[in-house]
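For reference, the structure discussed in these notes is given below.
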Amino acid sequence: MAEPLIFAIPKGRILDEALPLLAEAGIVPGADFHDKDSRALRFGTNNPDIDIIRVRAFDVATFVAHGAAQLGIVGSDVLEEFKYSEIYAPVDLDIGHCRLSVAEPRELAETDDPREWSHIRIATKYPNFTRRHFEAKGVQAECVKLNGAMEIAPALGLTRRIVDLVSSGGTLKANNLVEVDVLCEVTSRLIVNRAAFKTRPAVMALVERFREIVAAR
Numbered sequence: 001m002a003e004p005l006i007f008a009i010p011k012g013r014i015l016d017e018a019l020p021l022l023a024e025a026g027i028v029p030g031a032d033f034h035d036k037d038s039r040a041l042r043f044g045t046n047n048p049d050i051d052i053i054r055v056r057a058f059d060v061a062t063f064v065a066h067g068a069a070q071l072g073i074v075g076s077d078v079l080e081e082f083k084y085s086e087i088y089a090p091v092d093l094d095i096g097h098c099r100l101s102v103a104e105p106r107e108l109a110e111t112d113d114p115r116e117w118s119h120i121r122i123a124t125k126y127p128n129f130t131r132r133h134f135e136a137k138g139v140q141a142e143c144v145k146l147n148g149a150m151e152i153a154p155a156l157g158l159t160r161r162i163v164d165l166v167s168s169g170g171t172l173k174a175n176n177l178v179e180v181d182v183l184c185e186v187t188s189r190l191i192v193n194r195a196a197f198k199t200r201p202a203v204m205a206l207v208e209r210f211r212e213i214v215a216a217r
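Structure below.
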């Protein structure tokens, strides 16, 4: 008997939008998945051939790339950061809409022109993508890697600018920051491990099911 497929889904902002899609695809987590006091990371579903793991968004890509999970849902920002060759992203799920942007203090933005940058220092959890983006523009980006609390970096003098995900812009406004450049628009994707896609028919079937669901919306 084959081991259950492992489907990695992210904690946080994408989860609420991902669960209805999973349900349409016939994957409903067990009741313990919704237990806020549970410390479990792996959960059964209504399908005995599919288990779910709930991990950080960056870790979704790592689990799938290395074959520890066969499928996952993750933002295109994460895919751009890691560029794993082992990952195939066949379906844009049209959820998790936001953008990856450069932000800086309001008083700096009043006179700053991104078109004149030649060297910038930026706090971000996307150092690889940020460097590539600015290199393509002829700008040298010195990236300080942070995993959170990005918006406080300018106020404490760590960096003058940040690159982070922006949705409503409310967090930026609360920290006296404004967007001055957009690196990319972001949506969430269904991702699969390339080897599993080729060797496990159930993975291929799920990809087709998600394509049908998105097309019908």
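Residue numbering for the sequence shown follows the UniProt record's numbering, beginning at 1 and increasing consecutively.
C-beta atoms are modelled at their ideal positions from N, C-alpha and C, and glycine is treated no differently.
In the three-state scheme derived from DSSP, where H, G and I count as helix and E and B as strand, I53 is classed as strand. Here D35 carries a coil assignment [DSSP, helix/strand/coil]. Across the structure, E104 and A205 are spaced so that their CA atoms are roughly 45 angstroms apart. DSSP places A196 inside the alpha helix (DSSP H), whose first and last residues are R194 to T199. The residue from I95, I191, R217 and E208 with its alpha-carbon nearest to that of S85 is I191.
About 5 angstroms separates the Cβ atoms of N176 and R106, confirming a contact at the 8 angstroms cut-off. Counting only the Cα atoms, F210 lies some 42 angstroms from R160. For V78, there is no enclosing beta strand (DSSP E); the enclosing alpha helix (DSSP H) covers residues S76 to F82. In the DSSP assignment, R132 falls outside any beta strand (DSSP E) and lies within the alpha helix (DSSP H) extending over P127 to E135. Put simply, of S118, D51, P127 and L108 the residue whose alpha carbon is nearest the alpha carbon of K137 is S118. Closest in C-alpha terms to L165, from the list I6, M150, I27 and E3, comes M150. For D16, the enclosing alpha helix (DSSP H) covers residues L15 to E24. DSSP, reduced to helix, strand and coil, places L165 within a strand of the structure shown. H119 is bridged by DSSP to Q140.
V102 places its beta carbon 8 angstroms or farther from that of A123. If you ignore the 5 residues before and after L19, its C-beta comes within less than 7 angstroms of no other C-beta in its own chain. Closest by C-alpha distance to D49, out of D37, D32, A57 and Q70, is Q70. Excluding sequence positions up to five before and after P127, its CB lies within less than 6 angstroms of the CB of C143 and K145, all in the same chain and listed in chain order.
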